[in-house]
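Data block below; observations after.
There are 2 protein chains.
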Amino acid sequence: MIHLNKVPDKAAIDVAANRIQHFIHKTPILTSRILNEATGANLFLKCENLQKAGAFKSRGAVNALFSLSEIELKKGVCTHSSGNHAAALARAAALRNTKAYIVMPENSPTVKVDAVKYYGGQISFCAPNLAARESTLKTIQLETGAIEIHPYNNFTIIAGQATAAREIFLQLDMEPDFIIAPVGGGGLLSGTALSANYFSGKTKVIAAEPKGADDAYRSFKAGEIIPSENPVTIADGLLTSLGSKTFPIIMEHVHRIFTVEEHSIVKAMKFIWERMKIVIEPSSAVAVAAVFENKAYFEHTNTALIISGGNCDLNKLPWLT
Amino acid sequence: MIHLNKVPDKAAIDVAANRIQHFIHKTPILTSRILNEATGANLFLKCENLQKAGAFKSRGAVNALFSLSEIELKKGVCTHSSGNHAAALARAAALRNTKAYIVMPENSPTVKVDAVKYYGGQISFCAPNLAARESTLKTIQLETGAIEIHPYNNFTIIAGQATAAREIFLQLDMEPDFIIAPVGGGGLLSGTALSANYFSGKTKVIAAEPKGADDAYRSFKAGEIIPSENPVTIADGLLTSLGSKTFPIIMEHVHRIFTVEEHSIVKAMKFIWERMKIVIEPSSAVAVAAVFENKAYFEHTNTALIISGGNCDLNKLPWLT
């Protein structure tokens with residue numbers, strides 16, 4: 385098994401980028417004069433909402449699946465997730481011709497359940513709490529022998545997510561002052577921080593987090609993991625707590641964490657849909673909101689934002705409720 | 385004045401592409417496995433919704449403004465339009481440092497009025513009928529001496545719109561079997577038909593039109609212009625009738641016109657937002673709906689669709705009413 389057992393080094397991220405290149409999109413970076421005028425910054429949106437399965441999660445999932453041998457893959461892979469990792473893992477498993485067992489809370493949005501089914505994932509529903517998710521996953525593992533692929537607390541996943549920022553440095557003809565990534569469990573953020581460290585001498589990584597789910601902010605300040613307690617935010621991809629593998633990387637390489645208000649998230653989301661004509665999910669809008677809430681900080685800077693995904697329920701738009 | 389006075393030839397379209405290149409986006413072509421599976425065709429979406437000012441109209445407007453001399457531009461330009469041409473013309477005029485006088489019906493959507501204002505256009509409101517629009521425009525022309533830039537019945541505009549299809553042939557590594565463009569006044573469609581004729585030996589151009597505004601379909605069948613009467617469709621960019629300059633080009637070079645139902649337009653629009661994460665306006669969805677309604681016709685073909693624009697009111701989504 386060539387799953388990574390330590391913090392990915394530069395070579396591991398290069399390997400990941402090379403390994404996944406034919407199975408993911410090299411997503412475009414979009415810019416908008418109107419957005420720049422409204423914020424006072426030069427913003428570069430790395431559009432992972434246009435990624436396969438609609439989110440950056442495809443990077444980590446494909447890297448994980450393609451780092452396993454055929455023998456290891458024989459009994460499939462499994463995870464618990466109500467979100468984008470579930471669909472990305474189901475898709476990656478299908479690419480390797482193996483099974484993906486996905487534990488989803490029974491109140492998962494139909495659109496997410498449908499995505500997992502579309503890619504051929506085998507869903508087991510459970511009660512909507514962490515204990516039920518973990519025990520259901522344990523049972524499935526014992527029954528099937530499937531390998532667990534954690535959504536973020538896994539160095540191979542982190543190396544995969546790191547390829548998004550690596551691509552930014554290859555696509556832009558200059559090194560941005562900042563890259564902003566949203567933070568939930570910290571897979572994308574820690575990968576981004578590693579790539580900035582390895583591939584730039586200059587770019588600082590900033591995290592954006594909803595105030596209603598600010599465990600990363602509080603953990604970062606305290607220097608130890610403080611788990612999320614009853615987080616409340618429309619950014620449903622950012623409800624999870626930091627992991628033991630992501631937190632140390634974040635402590636070492638992330639420059640700062642900004643928290644943002646719910647109304648800013650909704651406003652930023654609508655702004656991007658309206659002016660840039662792309663569908664971004666609330667978790668992605670958190671990064672945009674961080675710029676709008678801190679205009680003085682980002683003024684005249686070149687700042688890349690990772691637009692993490694575009695999966696949302698078009699029947700329930702937050703500005704219409 | 386180097387406004388074109390005859391049907392654009394190949395050179396005129398090359399000139400237009402060269403002239404506008406620094407002032408418009410070379411928009412991406414997006415593909416989607418899910419869309420291809422749902423339709424049975426290989427579809428290539430030319431994303432003019434990501435164009436400057438949110439629509440292909442920027443191509444024609446920039447070409448028109450940059451084909452005029454400084455002396456000709458001194459007194460500004462004018463048009464009547466409630467839609468994308470208005471914003472595109474205001475933007476193009478600002479690029480040439482001249483004024484754009486825009487006559488808009490008083491019931492124009494706020495979002496369209498705001499776009500024209502954003503680009504510095506000078507708006508005159510009038511009663512929402514063609515007679516009022518034309519008489520108000522005439523008055524403004526007499527008062528200001530501004531040059532009228534018709535939204536579609538103008539060969540320089542047609543040459544500009546033709547650059548979208550020209551770009552498709554440069555971007556794709558093969559010639560598609562079909563290009564589908566929506567048809568309203570016929571500026572985009574006639575330009576697309578000319579480009580297919582000049583730059584491909586193979587690609588057939590197909591028009592898509594709402595059944596509730598099927599003047600182009602009826603004109604095409606009759607061989608003479610039959611004006612639109614009380615058109616009813618959510619595709620608000622396609623309400624206009626064909627023009628004397630666009631119709632003959634369409635008669636000569638367009639292969640076929642498909643009309644589509646309103647519910648298909650809404651369904652196609654939501655499908656593209658949901659699966660491809662891009663915001664497209666109803667007029668763009670008409671082209672997508674034409675494929676969904678005629679799956680047997682497009683099965684296994686390589687078909688490019690011109691996604692004409694992405695300007696819509698996010699507070700009034702057609703699948704939520």
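First to last, the protein sequences are chains C and Y. Note that the first sequence covers residues 385 to 705 in my numbering. Note that the second sequence covers residues 385 to 705 in my numbering. Backbone N, C-alpha and C fix where the C-beta goes; we use that ideal spot for every residue, glycine too.
Opposing strand residues paired with Y485(C) [DSSP bridges]: C462(C), Q506(C)
query: Quick one, which residues of the stretch 633-659 of chain C are near chain Y if we go by CB-CB under 7 Å, in chain order?
result: K654, W657, E658
query: Along the chain, where does the alpha helix (DSSP H) that runs through F539(Y) open and close?
result: 539-555
- prompt: Whole-angstrom Cβ separation of L698(Y) and E658(C), contact assumed at under 8 Å?
  reply: 6 Å
- prompt: How is T687(C) classed by DSSP in three states: helix, strand or coil?
  reply: strand
- prompt: Would you call the stretch 622-629 of chain Y and the stretch 565-572 of chain Y in contact, with 3 or more CB pairs under 8 Å?
  reply: Enough Cβ pairs lie closer than 8 Å, so yes.
- prompt: R602(Y) bridges to which residues according to DSSP?
  reply: Residue pairing from DSSP leaves R602(Y) without any beta-bridge partner.
field: Those residues which DSSP pairs with P560(C) across a bridge
entry: In DSSP, P560(C) forms no bridge with anything.
- prompt: Taking the alpha-carbon positions, what's the V391(Y) to S451(Y) distance?
  reply: Taking the straight line joining both Cα atoms gives about 16 Å.
- request: Out of C510(Y), L479(Y), V446(Y), K441(Y), point me to the one whose CA is closest to H464(Y)'s CA.
  value: C510(Y)
query: Closer than 8 Å, CB to CB, is P493(Y) near chain C or not?
result: no
Where M385(C) falls: helix, strand or coil (DSSP): Interpretation of M385(C) is limited by its pLDDT of 49, a score under 50 that renders its predicted location unreliable; no figure is taken from the coordinates.
message: Applying the 10 Å Cβ sphere with the 16-neighbour rule, what's the burial state of Q435(C)?
response: buried
task: List the whole-angstrom C-beta distance separating A592(C) from V663(C), where the pair is believed to meet the contact cut-off of C-beta under 8 Å.
output: With a Cβ gap of about 19 Å, A592(C) and V663(C) do not count as contacting.
query: Got a sec: is the Cβ-Cβ distance from T402(C) to anything in chain Y below 8 Å?
result: A quick correction: the sequence has Asn, not Thr, at residue 402(C). It does not: the Cβ of N402(C) has no partner Cβ on chain Y nearer than 8 Å.
task: Within its chain, find whatever has a CB closer than 6 Å to the CB of G505(Y); leave out the 5 residues flanking it on each side and keep chain order.
output: A474, A484, I486
task: Grab me the residues of S667(Y)'s own chain with a C-beta within less than 8 Å of its C-beta, minus the 5 sequence neighbours each way, in chain order.
output: P566, G568, A619, D620, G621, L622, S692, G693
message: Contact defined as beta carbons within less than 8 Å: I believe S612(Y) pairs with A597(Y). What is the distance between those atoms, to the nearest angstrom?
response: 6 Å
field: Whole-angstrom distance between S579(C) and M385(C), CA atom to CA atom
entry: Model confidence at M385(C) stands at a pLDDT of 49, short of 50, so the residue's coordinates are unreliable; what they give is reported in the following sentence. Rounded to whole angstroms, M385(C) to S579(C) spans 24 Å at the Cα level.
message: DSSP has P594(C) in a bridge; who is on the other side?
response: V644(C)
- request: Report yes if the C-beta distance between A606(C) and A400(C) is below 8 Å; otherwise report no.
  value: no
task: Have a look at K458(Y) and L449(Y) and give me their C-alpha separation to the nearest angstrom.
output: For K458(Y) and L449(Y), the distance between alpha carbons rounds to 12 Å.
field: I707(C) and V461(C) closer than 8 Å at C-beta
entry: Past the boundaries of the shown model lies residue 707(C); chain C is included only from 385 to 705, so the question cannot be answered.
- request: Determine, using beta-carbon pairs with one atom in the stretch 671-688 of chain C and one in the stretch 629-648 of chain C, whether at least three such pairs fall under 8 Å.
  value: yes
Same chain only: Cβ atoms within 7 Å of L388(Y), ignoring 5 sequence neighbours per side: Answer for L388(Y): A396, F539, T540, A543, listed in chain order.
query: C431(Y) bridges to which residues according to DSSP?
result: For C431(Y), which the question treats as bridged, DSSP gives the partners I691(Y).
message: Whether or not the stretch 545-562 of chain Y and the stretch 405-413 of chain Y are in contact is what I'm after, with contact meaning three or more pairs of Cβ atoms, one per stretch, closer than 8 Å; do they touch?
response: Taking 8 Å as the limit for Cβ pairs, the verdict is that the stretch 545-562 of chain Y does touch the stretch 405-413 of chain Y.
message: Which residues in chain Y have a C-beta closer than 8 Å to the C-beta of L449(C)? List them in chain order.
response: Correct list: empty, because the minimum Cβ distance to chain Y is about 18 Å.
query: When the Cα atoms are used, what is the spatial distance from Q525(Y) to S519(Y)?
result: 10 Å
- request: State the Cα-Cα distance for the pair K588(Y) and D561(Y), rounded to the nearest angstrom.
  value: 6 Å
query: V638(C) by DSSP, collapsed to three states: which one?
result: strand
I404(C) - DSSP class collapsed to helix/strand/coil: helix
query: What is the DSSP secondary structure of A472(Y), reduced to helix, strand or coil?
result: Correct three-state label for A472(Y): helix.
message: Please classify P512(C) as buried or exposed, where buried requires at least 16 neighbouring CB atoms within 10 angstroms.
response: exposed
query: With burial defined as no fewer than 16 other Cβ atoms inside 10 Å of the residue's Cβ, what is the status of T705(C): buried or exposed?
result: exposed
field: Cutoff 6 Å; reference I590(Y); Cβ partners in own chain excluding five residues on either side
entry: F562, I564, H639, R640
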